[in-house]
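If you read the sequence shown in the working numbering, its first letter stands for residue 857, the second for the next number, and so on.
Glycine residues also receive a C-beta, built at the ideal position from the N, C-alpha and C atoms.
Quick caveat: nothing in here was measured; it's all calculated off a predicted structure.
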Amino acid sequence: MKPSSITSLPAWPTFSAAAQQADPLHNELRLIDAAGLTLDLSGQRYSPELAQAGLDLLEQRQFTEQRATLLGGGIANITENRAAWHSMLRQPAAIPEVMAERERLNAFIRESDLARRWRHIVHIGIGGSDWGIRLTVAAFGYTKQWRSVRFIANIDGHAVKAGLADLNPHDTLIVVASKSFTTAETLKNASRAIEWLTAANVRNPLEQVVAITARPEQAKKWGIPDKQIFKFWDWVGGRFSLWSSVSLTTALSVSSDVVAGMLSGAAAMDKHFETAPLALNAPVQMALHGLVNRSVLGISSLNLAPYDSRLMHLVPYLQQLEMESLGKSVDVCGEAVPVPTGPVVWGMPGTDAQHTFFQWLHQSSDGAAVDFIVCQEAEHQWPSHHQSLLANCLAQREAMLRGKTEAQAYEECLSQGHEPEQARWLAKHRTHQGGRANSLIVLPRLSPYHLGALIALYEHKVFVQAVLWGINPFDQWGVEYGKILATDITNELQNQPCAKTHDPSTTYWIEQFKARDL
């Protein structure tokens, strides 16, 4: 066990004091190259004292040993006594069982492509079995798809209706992705999809169903053929399952080359994370700055601003990764963490975001740390559009970094012809605090390789932050409690006996909903 409190580490007082004293407006360029990406940390607080204290914290948390456990397949998820070995899934020469399953998957894809089977794919999963596929299909499938892809995640029946509407059942493949193959939403939605196939007189509906799970025996109970059950392993967390057979839908939709490229980019980031000096290690340095922002400066949220419309699903993907992993207030010893941990993660692609909430980012009393993400090269034929996109990204970032003093705003108002008294009044409204924490991540272009590296960058950053806070980023007990309660309430809504008692409001609404014809 590691020390129960980050504040008990000898380096913490120095780290905290250095973070508070570091100049947020230091005029120093700080770049790190990692797996083809460039990370610009010039918008984060920095001083030599802070940098050294961060390295001392890592040493006192035995970070290198914990990293070796993670990447070596040791027990990293201590509350569930298992590894978190998702990095193995993207190794070029993975362990035999991974290579064998990868080949089974590729054979299915080759056979389907050669036969031109499945004009439509309906992907049924939720959370980690959904967001990564949405992300990759949106990023790479918006121009060259011959198969249409629909997603059904929510238990809301309207999601099922929308997911199946106007498709040809006889040329539709249903992909059911669930690690446990007990996820209530996924299985209920899968049942509706199979009913839809049956109602259309599909001869053998289960021949058009693929299961992706860590529990193949559960899928077999449904009658799904063995050849259409693809597995991953208990040591792959749900929110890391993008790298597993869950990527079947991506491969069928936008090609196996996209999946292979993403695996390659993620593997390159794994190598960087494992071997780069800590002072030049991109995930490590992002994590340390996140620790400064959240636990020392008290910044409660992290805004993600990807300046690329193809990355519209990157925000919810990383939102799940960060908030499900770091939404903890108890450390590995079961003690309360004495500093704030994982921030709220939110955002929207730029430039839409500028017309939605950037005013709050610039001038609110709270503000947020911001990660700007942009591709240096575009893949369309309108260079002026991309120049405007790049200019907006850099300009919004510079405004957050530099700010505008009241004196500068006053001179600006005078130059625009305002009378001095009015200029003094307007200047107060035009003042920007500046020094607001932000990072810039530049991809050369949005290739599968670079997207894979970007996702792995955030995965490893989250792990490092968990090590520093002393928490387990690989379980999610909080959401499990609500699932248990939902099962009981469902039984009550169906007039089944239940010994549970509820608070007055929940009891009232159960009775109200039972009284209506659901």
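Unbroken stretches of the alpha helix (DSSP H), 4 residues or longer, contained in the stretch 869-935: Under the rule that a run must span 4 or more residues, the alpha helix (DSSP H) segments found entirely inside the stretch 869-935 read 904-916 and 919-927.
By a C-beta neighbour count over all protein chains shown, 10 Å radius and 16 as the cutoff for buried, is residue 944 buried or exposed? Your numbering for residue 944 matches position 88 in the sequence shown. The residue in question, residue 944, is buried, as its Cβ has 16 or more Cβ neighbours within 10 Å.
With a CB to CB cut of under 6 angstroms and the five nearest residues on each side skipped, what residues in its chain are close to residue 1142? Sequence index remark: in the sequence shown, residue 1142 carries index 286 (1-based). 1317, listed in sequence order.
Please name the residue or residues paired with residue 982 in a DSSP beta bridge. The sequence position of residue 982 within the sequence shown is 126, counting from 1. BP columns for residue 982 are empty, so no partner.
Round the Cβ separation of residue 985 and residue 1034 to the nearest angstrom and send it over; I've been treating them as touching at under 8 angstroms. Start at 1 with the first residue of the sequence shown, and residue 985 comes out as number 129. Start at 1 with the first residue of the sequence shown, and residue 1034 comes out as number 178. Rounded to the nearest angstrom, the Cβ distance from residue 985 to residue 1034 is 6 angstroms, consistent with a contact under 8 angstroms.
Bridge partners of residue 1231, per DSSP? Position 375 of the sequence shown holds residue 1231. Looking at the DSSP assignment, residue 1231 forms a beta bridge with 1299.
Tell me which same chain residues have a C-beta within less than 8 angstroms of the C-beta of residue 1257, skipping the five on either side of it? Taking the first residue of the sequence shown as position 1, residue 1257 is located at position 401. The answer, listed in chain order, is 881, 898, 899, 1290, 1291, 1292 and 1294.
Beta-carbon proximity list for residue 1362, same chain, < 7 angstroms, skipping 5 on both sides: Here residue 1362 refers to the residue found at position 506 when the sequence shown is read from its first residue. Taking residue 1362 as the centre and dropping the five residues before and after it, the same chain places no C-beta closer than 7 angstroms to its C-beta.
What are the start and end residues of each continuous beta strand (DSSP E) run of 3 or more residues lying completely inside the stretch 1073-1106, in chain order? You should have 1085-1087.
Which of the three DSSP states is assigned to residue 998 in this structure? Position 142 of the sequence shown, counting from 1, holds the residue named residue 998. The answer is coil: DSSP assigns residue 998 none of H, G, I, E or B.
Report the CB separation of residue 1041 from residue 1080 in whole angstroms; it is logged as a contact under 8 angstroms. Taking the sequence shown and counting its residues from 1, the one referred to as residue 1041 is at position 185. Taking the sequence shown and counting its residues from 1, the one referred to as residue 1080 is at position 224. About 18 angstroms separates the two Cβ atoms, so there is no contact after all.
Measuring CA to CA, which of 1364, 934, 1370 and 1011 is closest to residue 1339? Start at 1 with the first residue of the sequence shown, and residue 1339 comes out as number 483. Just measuring C-alpha positions, the residue of 1364, 934, 1370 and 1011 sitting nearest residue 1339 is 1011.
As assigned by DSSP and simplified to three states, the class of residue 1330: Counting from 1 along the sequence shown, the entry for residue 1330 is found at position 474. DSSP places residue 1330 outside both helix and strand once states are collapsed to three, so it counts as coil.
I need the DSSP call for residue 1007, collapsed to helix, strand or coil. Here residue 1007 refers to the residue found at position 151 of the sequence shown. DSSP places residue 1007 in strand when its eight states are reduced to three.
What's the gap between the Cα of residue 1009 and the Cα of residue 1116? For this step, residue 1009 is matched to residue 153 along the sequence shown. For this step, residue 1116 is matched to residue 260 along the sequence shown. When rounded, the distance between both Cα atoms is 25 angstroms.
Do residue 1085 and residue 1077 count as a contact pair if the criterion is CB distance below 8 angstroms? Here residue 1077 refers to the residue found at position 221 when the sequence shown is read from its first residue. Here residue 1085 refers to the residue found at position 229 when the sequence shown is read from its first residue. At the C-beta level, residue 1077 and residue 1085 stay beyond 8 angstroms of one another.
Whether residue 1297 touches residue 1227 by CB criterion (8 angstroms): For this step, residue 1297 is matched to residue 441 along the sequence shown. For this step, residue 1227 is matched to residue 371 along the sequence shown. Taking a C-beta distance under 8 angstroms as the contact criterion, residue 1297 and residue 1227 qualify as a contact pair.
Rounded separation between residue 858 and residue 1326 - CA only: In the sequence shown, residue 858 corresponds to position 2, counting from 1. In the sequence shown, residue 1326 corresponds to position 470, counting from 1. Summary for residue 858: the model assigns pLDDT 49, below 50, so the residue's position carries little reliability; its value from the coordinates is reported in the next sentence. C-alpha separation (whole angstroms): 7 angstroms.
If we count the other Cβ atoms within 10 Å of its Cβ and call it buried at 16 or more, is residue 1342 buried or exposed? Looking up residue 1342 in the sequence shown gives position 486. By the neighbour-count rule (16 or more Cβ atoms within 10 Å), residue 1342 is not buried but exposed.
Is it true that the stretch 1100-1111 meets the stretch 1127-1140, where meeting means three or more beta-carbon pairs spaced less than 8 angstroms apart? The stretch 1100-1111 makes no contact with the stretch 1127-1140: fewer than 3 CB pairs, one atom from each, lie closer than 8 angstroms.
Coarse secondary structure for residue 857, derived from DSSP in three states: To locate residue 857, count along the sequence shown from 1; it is residue 1. Summary for residue 857: the model assigns pLDDT 47, below 50, so the residue's position carries little reliability; its value from the coordinates is reported in the next sentence. It is coil, neither helix nor strand.
Unbroken beta strand (DSSP E) run spanning residue 1282, endpoints: Residue numbering aside, residue 1282 sits at position 426 when the sequence shown is read from its first letter. Unbroken run through residue 1282 is the alpha helix (DSSP H), 1276-1286; no beta strand (DSSP E).
Across which residues does DSSP place residue 1146 in a beta bridge pair? Counted from its first residue, the sequence shown places residue 1146 at position 290. DSSP lists no beta-bridge partner residue for residue 1146.
Would residue 1052 and residue 1098 be called neighbours here (beta carbons separated by less than 8 angstroms)? In the sequence shown, counting from the first residue as 1, residue 1052 sits at position 196. In the sequence shown, counting from the first residue as 1, residue 1098 sits at position 242. At least 8 angstroms separates the beta-carbon of residue 1052 from that of residue 1098.
Spell out a yes or no on whether the stretch 1319-1335 and the stretch 917-936 are touching, meaning 3 or more CB-CB pairs, one atom from each, closer than 8 angstroms. Contact between the stretch 1319-1335 and the stretch 917-936 is present, because at least three Cβ pairs lie under 8 angstroms.
Which ranges does the alpha helix (DSSP H) cover as unbroken runs of at least 4 residues, wholly within the stretch 1154-1229, from first to last along the chain? Fully enclosed alpha helix (DSSP H) runs of no fewer than 4 residues occupy 1170-1182 and 1214-1219 of the stretch 1154-1229, in order along the chain.
With DSSP run on the structure shown, which of helix, strand or coil describes residue 1031? Indexing the sequence shown from 1 puts residue 1031 at position 175. It is a strand residue.
To test your reading of the DSSP string, which unbroken beta strand (DSSP E) runs of 3 or more residues are found completely within the stretch 957-982? Here the runs fully enclosed are 976-980.
So residue 1320 is in the alpha helix (DSSP H); what residue range does that whole segment cover? The residue you call residue 1320 lines up with position 464 of the sequence shown. Residue range 1304-1325 is occupied by the alpha helix (DSSP H) that includes residue 1320.
Classify residue 1180: buried if its beta carbon has 16 or more other beta carbons within 10 angstroms, exposed otherwise. Numbered from 1 along the sequence shown, position 324 holds the residue referred to as residue 1180. Result: buried.
Three CB pairs or more closer than 8 angstroms across the stretch 1229-1245 and the stretch 1174-1188: Contact between the stretch 1229-1245 and the stretch 1174-1188 is absent: fewer than three C-beta pairs spanning the two stretches fall below 8 angstroms.
Segment contact, 8 angstroms Cβ cut-off, at least three pairs: the stretch 1306-1317 with the stretch 1241-1250: No, because fewer than three Cβ pairs between the stretch 1306-1317 and the stretch 1241-1250 fall closer than 8 angstroms, the two stretches do not touch.
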